[in-house]
């Protein structure tokens with residue numbers, strides 16, 4: 001996908017004027033900032049809503065670093081930290097908790113699975129306005145409804161998630177598509193239901209075993225020792241390359257070389273001229 005069409009963007013702030021969409025504080029010049037691309041209210045196109053790195057993941061949920069424009073132009077340590085944070089969110093898929101020893105016992109859910117589970121929930125409809133995303137019929141007031149928070153819709157991108165509501169029966173039919181393979185009792189809000197409604201949700205949503213989950217929904221196969229070793233070597237080489245690149249970039253930036261001189265260096269090395277000094281320094 002073209003970088004302009006990616007849902008998220010990352011860069012080092014060009015100035016200290018932009019404010020974080022979440023905490024409202026200024027983002028300092030040269031500080032890493034992450035943005036969600038949303039429809040502009042002023043022109044026919046998209047613009048970034050910027051966040052501090054520490055604030056971004058409180059509202060946004062990229063599923064892979066491939067969703068983030070400019071990711072490959074970040075310093076290695078920043079790339080690694082963001083990649084680990086994305087992985088910790090679980091990709092929006094909730095797998096059934098592994099069975100533990102003893103009757104009725106289960107192993108503790110991983111941190112990434114706990115994070116993913118927060119985007120689901122069950123409750124009684126507060127009004128009759130919401131429309132089921134499965135059958136597209138309104139959910140009546142006081143009827144049981146189950147949500148999946150979506151961060152990819154226009155509303156979700158702009159406001160940090162949009163709750164998409166479903167009738168319990170419709171959610172059960174769509175659970176694979178929605179990425180929910182855990183039992184119904186694990187849903188946030190389950191304990192607040194009436195006993196008969198708890199039984200209904202429990203019946204509709206039994207846990208789905210890992211072997212029954214569509215392969216594309218599960219994490220990749222465990223890597224063998226040789227693959228792990230090669231990945232470590234590749235990562236070390238990439239880290240070395242990125243550090244060398246930024247060492248040169250930082251020297252050029254500190255030397256306060258003017259734009260015409262930077263353009264001359266790029267032309268001498270048969271490199272395309274990018275828009276903006278920072279982009280040119282990353283060539």
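Numbering (UniProt numbering), first residue to last: 1 to 283.
Each residue gets a CB set at the ideal place from its N, CA and C atoms; glycine is no exception.
Could you give the distance in angstroms between the alpha-carbon of residue 9 and the alpha-carbon of residue 181? About 31 Å.
Report the three-state DSSP secondary structure of residue 47 (helix, strand or coil). Judged by DSSP in its simplified three-state form, residue 47 adopts strand.
Please work out which residues of its chain come closer than 8 Å, Cβ to Cβ, to residue 23, disregarding the five sequence neighbours upstream and downstream, and give them in chain order. Excluding sequence neighbours, residue 23 sits near 52 and 55.
Compare the beta carbon distance of residue 38 and residue 158 with 9 Å and say whether it is the shorter of the two. In this structure, residue 158 lies closer than 9 Å to residue 38 by Cβ.
Go ahead and label residue 233 buried or exposed: buried means 16 or more other beta carbons lie within 10 angstroms of its beta carbon, across all protein chains shown. Result: exposed.
Where DSSP assigns a beta bridge to residue 163, which residues make up the other side? In the DSSP output, where bridge partners are listed per residue, residue 163 has 149.
Opening and closing residue of the alpha helix (DSSP H) in which residue 113 lies: Residues 111-117.
Can you tell me where the alpha helix (DSSP H) with residue 124 in it begins and where it stops? Premise fails: residue 124 lies in the beta strand (DSSP E), 120-124, not in any alpha helix (DSSP H).
For residue 18, the three-state DSSP class (helix, strand or coil): Residue 18: coil per DSSP, three-state reduction.
Rounded to whole angstroms, what's the CA-CA distance from residue 277 to residue 33? Just pull it up for me. Between the alpha carbons of residue 277 and residue 33 lies a gap of roughly 18 Å.
Measure the alpha-carbon distance for residue 167 versus residue 84 and round it to whole angstroms. Roughly 34 Å separates the two Cα atoms.
Taking 9 Å as the threshold (C-beta atoms), are residue 29 and residue 14 in contact? For the pair residue 14 and residue 29, the CB atoms are nearer than the 9 Å cut-off.
Residue 120 to residue 93, Cα distance in whole Å? If you take the alpha carbons of residue 120 and residue 93, they lie about 10 Å apart.
Helix, strand or coil, according to DSSP, for residue 305 in the structure here? Nothing can be reported for residue 305, as the shown portion of the chain is limited to 1 through 283.
Member of 144, 78 and 46 whose CA lies at the smallest distance from the CA of residue 191: The candidate whose alpha carbon is nearest that of residue 191 is 144.
Rounded to the nearest angstrom, how far is the Cβ of residue 75 from that of residue 242, given a contact under 8 Å? Yes, they are in contact, since the Cβ atoms of residue 75 and residue 242 sit about 6 Å apart, within 8 Å.
Closest Cα partner of residue 88 within the set 79, 77, 73 and 63: Among 79, 77, 73 and 63, the Cα nearest to that of residue 88 belongs to 63.
Alpha-carbon spacing of residue 104 relative to residue 73, whole angstroms: Below a pLDDT of 50, predicted positions are generally treated as unreliable, and residue 104, at 49, falls in that range; no measurement from the model is reported.
Just the C-alpha distance for residue 86 and residue 172, rounded to the nearest angstrom, thanks. Linking residue 86 to residue 172 through their CA atoms gives a straight-line distance of about 27 Å.
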